[in-house]
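Written below as structure tokens is the structure these notes are about.
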Amino acid sequence: MKKQRVLEFRATMKTLTEQRNDKVEELQAIVAKAKIETRAMVDEEVSRFDALEKEIKEIDKTIAAETRARGLELINDKKDNKKMETRAELEERAFENYIRGKVEERADINLTAGDNGAVIPSSIANKIIKKVYDICPIYQLATRYNVGGTLSIPYYDESTQAITMAYATEFVELESTSGKFTSIELKGFLAGALSKVSKSLINNSQFAIVPFVINAMADSISKWIENELLNGTTSKVEGLSTVTQKVTAVSATALTADELIDLQETVPDVYQGNAIWVMNRATRKAIRKLKDGDGTYLLQKDFNAKWGYTLLGKDVYTSDNMAGMAAGKTAIFYGDMSGLAVKLSEDVSIEVLREKYATQHAVGVVGWIEIDSKIEDAQKIAKLVMKAV
1 MKKQRVLEFR ATMKTLTEQR NDKVEELQAI VAKAKIETRA MVDEEVSRFD
51 ALEKEIKEID KTIAAETRAR GLELINDKKD NKKMETRAEL EERAFENYIR
101 GKVEERADIN LTAGDNGAVI PSSIANKIIK KVYDICPIYQ LATRYNVGGT
151 LSIPYYDEST QAITMAYATE FVELESTSGK FTSIELKGFL AGALSKVSKS
201 LINNSQFAIV PFVINAMADS ISKWIENELL NGTTSKVEGL STVTQKVTAV
251 SATALTADEL IDLQETVPDV YQGNAIWVMN RATRKAIRKL KDGDGTYLLQ
301 KDFNAKWGYT LLGKDVYTSD NMAGMAAGKT AIFYGDMSGL AVKLSEDVSI
351 EVLREKYATQ HAVGVVGWIE IDSKIEDAQK IAKLVMKAV
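Have a look at this one:
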């Protein structure tokens, strides 16, 4: 094959070289004719000369390109991809067999059993985290850092003082004004999710046990993560609990259109592009009944919206983890969720506990994660708090 490519290359080069030589001879003949006749070249000759010169340069470029291309070889990664895919498939089969209590014939893909169960391959853990990403919009829209250990994130704060520009007079000192650099520190708080699978389902060979476990674990993890990101926990994950920009409702149990407008206007225009509303379904139901001065409902059904509704031009996401319209509760978040920083360690651990729940005729699947979350840019997000009684 390589010999054939060399022959083809030589044939092509010979053809191009011959074409180039023919054009050079024609170009030289034009100049020679004018010289013999002791005259300047006419317009037709000048045009032909320029055309030939351009064609020669193009051929030279083509020859140079083909010479460089000759030294390059195609990289065939099909074999490696196939090997990786095969490994992932083998690990998934080993995972399924371990849950079902079967032993793999190949020792190299058997799961390693420890004191607390079997450690599941990363390919399965990655599918669970990918599923969490897909079904948890707050986590998906936040700024994510997939690293271990403590992470320090610097940010520039102009809330109290900013760099300003002003007119100046010669020989008069400019006054120095600037914001300040500060930082947030993201740690790693350990959290676990346990899912128990009935052995009756496991013993049914027609039941797709691996997708069931992946979906069950992802659902449990995503609900917990979303709750922490929205509400936070004292001395643990802060999430959006420390949002500083807020609007307080006049009532403890009802909202007005003006309050929603005030909340939206709290976020600077520069951050409005990716802003969304986050609220409880009961809150959305109440807002659906609000109208403007022309009798038009503020909340619009929109088939092009991410979650089916828009409010004042922005998508509305509902979560059961959000509090309803009750005294002193945060009923709505609004803004660009990239202002929230989330650190989730890549070292996600999934274990299968076959013996622990044997008396319950079940198998346990537990997932361990390290997570932390704090506000990274306070200007991007605002909240509406109901009046305290």
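Numbering (the UniProt record's numbering), first residue to last: 1 to 389.
Cβ atoms here follow ideal geometry from the backbone N, Cα and C, with glycine treated the same way.
- Restricted to the segment 239–323, the alpha helix (DSSP H) segments that are unbroken, complete and at least 4 residues in length are 257–266, 281–287, listed in chain order.
- Sequence-distant Cβ neighbours of residue 231 in its own chain, meaning closer than 7 Å and more than five residues away, are 239, 241, 321.
- Annotated as distal: residue 377 and residue 187, with beta-carbon spacing of 7 Å or more.
- Under the three-state reduction of DSSP output, residue 363 falls in the strand class.
- DSSP lists no beta-bridge partner residue for residue 52.
- Separation of residue 234 and residue 128 (C-alpha to C-alpha, rounded to the nearest whole angstrom) is 27 Å.
- When DSSP states are grouped into helix, strand and coil, residue 133 belongs to the helix group.
- With a contact defined as Cβ atoms closer than 8 Å, residue 327 and residue 389 qualify at about 4 Å.
- Residue 323 holds the alpha-carbon nearest to the alpha-carbon of residue 282 among 323, 259, 193, 43.
- 7 Å or more divides the Cβ of residue 102 from the Cβ of residue 357.
- Looking at the backbone, the Cα of residue 43 and that of residue 37 are separated by about 16 Å.
- Counting along the chain, residue 351 sits inside the beta strand (DSSP E) bounded by residues 349–353.
- Closest in C-alpha terms to residue 370, from the list 87, 297, 221, 26, comes 221.
- Counting along the chain, residue 207 sits inside no alpha helix (DSSP H), nor does DSSP assign it H or E at all.
- Beta-bridge pairing by DSSP links residue 330 to 385.
- The beta carbon of residue 338 lies closer than 6 Å to those of 143 in the same chain, with the five residues before and after it left out.
- Here DSSP, grouped into helix, strand and coil, assigns residue 142 to coil.
- Here the alpha carbons of residue 68 and residue 49 stand approximately 29 Å from one another.
- Residue 268 sits exposed, since fewer than 16 C-beta atoms from the chains shown fall within 10 Å of its C-beta.
- Shown here, residue 40 sits in coil according to DSSP, grouped into three states, outside any helix or strand.
- Distances from the alpha-carbon of residue 351 to those of 193, 30, 53 put 193 closest.
- The Cβ atoms of residue 16 and residue 63 sit closer than 7 Å to each other.
- For residue 198, the uninterrupted beta strand (DSSP E) segment begins and ends at 189–198.
- Excluding its 5 nearest sequence neighbours in each direction, residue 290 has C-beta neighbours in its own chain below 6 Å: 257, 298, listed in chain order.
- Exposed is the label assigned to residue 150, since fewer than 16 other Cβ atoms lie within 10 Å of its Cβ.
- In this model, residue 277 and residue 270 are separated by some 17 Å (Cα to Cα).
- According to DSSP, residue 336 shares a beta bridge with no other residue.
- Taking a C-beta distance under 7 Å as the contact criterion, residue 210 and residue 92 qualify as a contact pair.
- CA-to-CA, the gap between residue 228 and residue 97 works out to about 34 Å.
- The alpha-carbon of residue 29 is positioned some 16 Å away from that of residue 54.
- Look at residue 226 here: in three-state DSSP terms it is helix.
- Residue 344 is bridged by DSSP to 371.
- One thing to note: residue 348 has its Cβ no nearer than 7 Å to the Cβ of residue 94.
- Rounded to whole angstroms, residue 260 and residue 361 show a C-alpha spacing of 51 Å.
- Residue 376 carries a coil assignment under DSSP once its states are collapsed to helix, strand and coil.
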